[in-house]
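Here is the structure we will look at.
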Amino acid sequence: MKRKIYILLIMLVAIAPSCKKNLDIPPMNIVSDADIFGSISGVESYMARMYSELPMEDFKWSPTGTFNTYYFGSPAQITGEALSRDPQPLTENNPETSSIKTLWANSYILIREANYFMATLPNYASNFGDAQVTSWLAEARFIRAATYFALVKRYGGVPLVDKLLTQPGQSIDDITKNIDDLMVPRASEAGIYDFIGTDLDEAYNKLPETNKAGRANKYAAAALKSRAMLYAGSIAKYNTIALSSGSALVCGIPTSKAITYFKAAYDAANLLNGKYSLYLKNWAAGDKTAQYTNFVNTFIDATSPENIFIRQYKFPDAVHWYDVNNVPRQISTSVSSETSPTLNFVEMFEGMPKNDDGTIKTVDASGKYILYDNVTDLFANAEPRLRATVILPGDAFSNVNIDIRRGIYTGSTSGGINKLVPFGSTAAYPTATVVSSPSSTQTPYTLPNGTKMNPAGLSGYFTNTSGSAGSISGFLVRKYLVPNKPVAEIANNHSDQSWIELRYAEVLLNKAEAAYELNTLGQTGTYTADALSIINQIRSRAGASTLTSISSINDIRMERRKELAFENKTYWDLKRWRIFDKEQNGTTWRVLNPFYTAETGKYFFDPRLDERNTRFTFDPKWYYEEIPASVISKSPNIIQNPGY
Amino acid sequence: MKRKIYYLALALTAAVISSCNKLDNYAPPSETLKGRILDANTGSPVQSEVSGDNGSGTRIKLLEISWSANPTPLYLATKQDGTYSNTKVFAATYKMTAEGAFVPMVQTNVDQSKTVEVKGGTTTVDFTVSPFLEVQWVSGPTLNADGTVSAQVKVTRGTTNTAFQQEITDLWLFVSPTQYCGNNNYDNRYAQHITYTGLTGNDIIGQTITLKTTGGALPTKRDWYFRIGTRINYGTKQYNYNEPKVLTIP
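As given, the protein sequences belong to chains W and X, one line each in that order. First residue of the first sequence? That's 475 in this note's numbering, and the numbers climb one at a time after it. First residue of the second sequence? That's 856 in this note's numbering, and the numbers climb one at a time after it.
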């Protein structure tokens, strides 16, 4: 009995303190709303996560992988801008094979985070000033709009969720009771673009003039709107695929809306007038070297007045690998030379001898190669923007002349040299008259004068293309590479130049394209004059000749493809113009191979089809990507895109 | 006493574990579903390419409506000769349509889908459709003196509905060492590909067109298969084909 009393006593002692209020504390291992929304640093950390998750096709985007991954290869190879030693041609199901598995789910997580932010922050508004709260809420809208844009440009109409569907702390029973309400069907494609437009208008009205680097100000919202509305207008005008879910047109936008969207793109671009300008710090009229340096620095100079919205990187915490993947082999041998621009791309530019059909002229009227004393002679007068975008054979980069040569021609040169393989042929070069090098470990060839020379250049071409790093097209990418970077820093996870997601040149090109399209749709105004003046602004900054008139929409598209090359924008442009499947239809891209002649010590250039005979075909059903099966199995209200 | 507890625990565990072992005792699919996709103009099966269930070539769409009016669709692949057969289909009621390079069976205000109860062995379901384009051999393929192969073909519209008379964008002479010859399986060294810009492709309708392999002489001492593919600028731009022909090159 006595024992029982003891036990009772002990129990009383144990229970009593639990009544004390000072021990009733929230769990220490969970970050609560009050922690996050109670202080500026808490909100900033919430923001930082949302920005870092923003689906942006930056240095770390792989079309066959996903966001934020390292991979060998180059995203430019799916657009025909470049070839890559590690080929990732468009594949069976989808060009964006793996991202379809993660992008959908990750986007809706981010959309929920933005919605949660907008729903919760007002409860804590008293901690901050009104202006600060308004600005943050507008930023969340910008993020939500950018995320919906990433979805709509891939899938067409997607479920529109603009509020919290479930509350934190709701029990499973509560949630499943209304499960049908959670199965939101796809909204129309136009509806999503309209929603993006509304969110960005709100963001533009509420965001401040300036913000921290890497975060959106009001002009970033306007610039993104001009891009999104231009995409919507193009789809309204050029799309031929239609799919309805109930009464919603989930793939396709009615043609009648084209004018509305192009007008919205044009107006949004105008909001940036006088606020941003093209980068011209090193530019000088008529000075090709200055214009070249200027265009190189456009992508490197952090203080560029052209940058509207960027993603920052900083070694060692937030890094990428653009340099190590893309520098010429002469600079670093670790990965290197993953992006070899095609001749098709280089021929878009001016300043080189051309045939009537626009192809490069390296063969004279009698079918013999034109011989040059120096390997750089062919491109001596090339447009400065081309030299700043692409490393041409023999051009200087990081104070090194980049040595790109296909091989040595050992045959006779008397009476001229006939084309080694016919135009349009994928045949191998004759081994009797051409010496090549299979790998970077070269066996020197003894020239007739007794000196020795390596068959291939130090930066390629090596015939074992998958085994030895080097240029495989005669060119290497130049844009975004940091010049004179110490070799030790050219390594994986050592690059930290910023990704420029929105720059003023794109906004100008958005405006020019929208203006010209409005003109073709019968709208009157200063549209054609606007388009011409913009194209000439871009062209004179690039060091190209100015145009007297715009003959077709193609002039504007070409300018856009040249200006925004290797910025992961062309893929989406080819898609929205609905010309991807025409351009890539069993297509082999062309390359330009420099040769050295053993007998006379001169150079000639052979334009030909890619020796690897890699074919690219874009299946028209890919204009709308496949919706992941996991999404459809969760909600039968979501219908699959056509053809999957 | 202790023993009893052990036994009780053991018995409980056994009961719990066995409840996990819920065998899938539903009968495996055993019904056969087969049929043809027929051309409304000629009555013969509509040629397509080697198809997966992923929408390349013709495919059959099944909606199992026994349980829900809004099920996740199931797709069957078809053969390139315009027939299909699947011997592992669950007995159920299906709403069926065919999808391919022909006028869609389901459009706004048009629903030609067939509701079929699949049970008791073999069920045959034929579909009649209007291909976008009809492709016919006129002559050939014949071997030329230089080792290439020529053929003459004719392309006509398969439908009078102007909503499905977009311009022709491509014409191919596909070449393959096997009978499985088409846009997803051909030898790109020899196939001839003609692309048309704007409305120029419409000029070939009703004309006899001569096509010739490219890339020099075809390798000899083997069978080569030839097939014509052409498509219009509609939707996902699938190809219409004629039946493959074989030519033995000595």
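We put the beta carbon where it would ideally sit given N, CA and C, even for glycine. Just so we're clear, the structure is a prediction, and the values are computed from it rather than from any experiment.
Determine the chain X residues that contact residue i at a beta-carbon separation under 9 Å, and present them in chain order.
i               : result
D1055 (chain W) : T1024, K1092
P858 (chain W)  : The premise fails here: P858 (chain W) is roughly 32 Å from chain X at the closest Cβ pair, so nothing lies under 9 Å.
A1110 (chain W) : Before going on, a small fix: residue 1110 (chain W) reads as Pro here, not Ala. What P1110 (chain W) touches in chain X: S923, N925, P926, T927.
Excluding sequence positions up to five away, which residues of its chain have a Cβ less than 6 Å from the Cβ of residue i?
i               : result
V626 (chain W)  : I666
D877 (chain W)  : G931, L932, S933
S810 (chain W)  : V801, R803, A943
R615 (chain W)  : D673, E676, A677
L982 (chain W)  : I1008
R1015 (chain W) : L752
H1048 (chain X) : W1027
T1103 (chain X) : D1078
Under 7 Å between beta-carbons, which chain W residues line up against residue i? List them in chain order, please.
i               : result
Y1089 (chain X) : T714
Cβ closer than 8 Å: which chain W residues qualify as neighbours of residue i?
i               : result
T1050 (chain X) : K1056, N1059
Please return the same chain residues whose Cβ sits closer than 8 Å to the Cβ of residue i, not counting the five positions on each side in sequence.
i              : result
D936 (chain X) : P900, Q902, E1098
Y990 (chain W) : Y1001, T1002, A1005, I1024, I1027, I1030
R523 (chain W) : E587
Y525 (chain W) : I617, G688, R689, R785
Under the three-state reduction of DSSP, which class applies to residue i: helix, strand or coil?
i               : result
W992 (chain X)  : strand
N875 (chain W)  : strand
Q606 (chain W)  : helix
E857 (chain W)  : coil
I653 (chain W)  : helix
D1025 (chain X) : strand
E566 (chain W)  : Note on E566 (chain W): pLDDT 46, under 50, position unreliable in the model; the coordinate value appears next. It is coil, neither helix nor strand.
W973 (chain W)  : strand
E780 (chain W)  : coil
A1084 (chain X) : Before going on, a small fix: residue 1084 (chain X) reads as Gly here, not Ala. Strand.
R952 (chain W)  : coil
N892 (chain W)  : strand
E919 (chain X)  : strand
T594 (chain W)  : helix
Y705 (chain W)  : helix
N923 (chain W)  : coil
R615 (chain W)  : helix
W1079 (chain X) : strand
S572 (chain W)  : Note that S572 (chain W) scores 49 on pLDDT, short of 50, meaning its location in the model is unreliable; the coordinates nonetheless yield the value given after this. Looking at S572 (chain W) - three-state DSSP - the assignment turns out to be coil, as it is neither helix nor strand.
Y1089 (chain X) : coil
R1086 (chain W) : coil
I1104 (chain X) : strand
E991 (chain W)  : helix
P549 (chain W)  : helix
N1095 (chain X) : strand
Going along chain X in order, which residues have a C-beta closer than 8 Å to the C-beta of residue i?
i               : result
I1106 (chain W) : T927
Interface residues of chain W around residue i at Cβ under 9 Å?
i              : result
N840 (chain X) : This structure leaves residue 840 (chain X) out entirely; chain X is present only between 856 and 1105.
Give the C-beta separation of residue i and residue j to the nearest angstrom, bearing in mind that I take them to be a contact with Cβ-Cβ under 8 Å.
i               : j               : result
R454 (chain W)  : A722 (chain W)  : The structure shown does not extend to residue 454 (chain W), since chain W spans only 475 to 1118, so no value can be given for it.
L577 (chain W)  : P1116 (chain W) : The pair is not a contact, with the Cβ atoms about 19 Å apart (cut-off 8 Å).
R1050 (chain W) : V1065 (chain W) : Not confirmed; about 28 Å, so no contact.
N756 (chain W)  : A764 (chain W)  : 6 Å
G1037 (chain X) : V944 (chain X)  : That pair is no contact at about 26 Å.
I733 (chain W)  : A702 (chain W)  : I733 (chain W) to A702 (chain W), Cβ: 16 Å. No contact.
L992 (chain W)  : K737 (chain W)  : 6 Å
V908 (chain W)  : L921 (chain W)  : Not quite, the Cβ-Cβ distance comes to about 15 Å (not below 8 Å), so this is no contact.
F987 (chain X)  : A956 (chain X)  : 6 Å
R880 (chain W)  : F1069 (chain W) : 6 Å
Report all residues from its chain with a CB closer than 7 Å to the CB of residue i; omit the five preceding and five following residues, and keep chain order.
i              : result
T887 (chain W) : T1071, E1073, T1074
T767 (chain W) : N756
N567 (chain W) : Confidence at N567 (chain W) is low in this model, with a pLDDT of 43, below 50, so its placement is unreliable and no value can be given for it.
I974 (chain W) : F773, N781, I784
A620 (chain W) : L528, L698
Would you verify that the beta carbon of residue i is, or is not, closer than 8 Å to some beta carbon of chain C?
i              : result
A962 (chain W) : Among the protein chains in the structure shown, which are W and X, there is no chain C.
Please indicate yes or no: does the CB of residue i lie closer than 7 Å to some heavy atom of the ligand ATP?
i              : result
Q786 (chain W) : With respect to the ligand ATP, the structure offers nothing, as it holds no ligand at all.
- Message: For a minimum of 3 consecutive residues, which ranges assigned as the beta strand (DSSP E) are wholly contained in the stretch 1017 to 1066 of chain W?
- Response: 1059 to 1061, all fully within the stretch 1017 to 1066 of chain W.
- Would you mind listing the beta strand (DSSP E) stretches within the stretch 1006 to 1060 of chain X that are 3+ residues and don't spill past its ends, in chain order? Within the stretch 1006 to 1060 of chain X, the complete beta strand (DSSP E) runs of at least 3 residues fall at 1023 to 1031, 1047 to 1050.
- What are the uninterrupted segments assigned as beta strand (DSSP E) that are 3 or more residues long and contained completely in the stretch 933 to 1005 of chain X, given in chain order? Unbroken beta strand (DSSP E) stretches of 3 residues or longer found wholly inside the stretch 933 to 1005 of chain X: 938 to 944, 947 to 954, 969 to 973, 977 to 979, 982 to 984, 988 to 998, given in chain order.
- Ranges of the alpha helix (DSSP H) found wholly within the stretch 722 to 779 of chain W, counting only runs of at least 4: Entirely contained in the stretch 722 to 779 of chain W, the alpha helix (DSSP H) runs reaching 4 residues are, in chain order, 732 to 744, 762 to 772.
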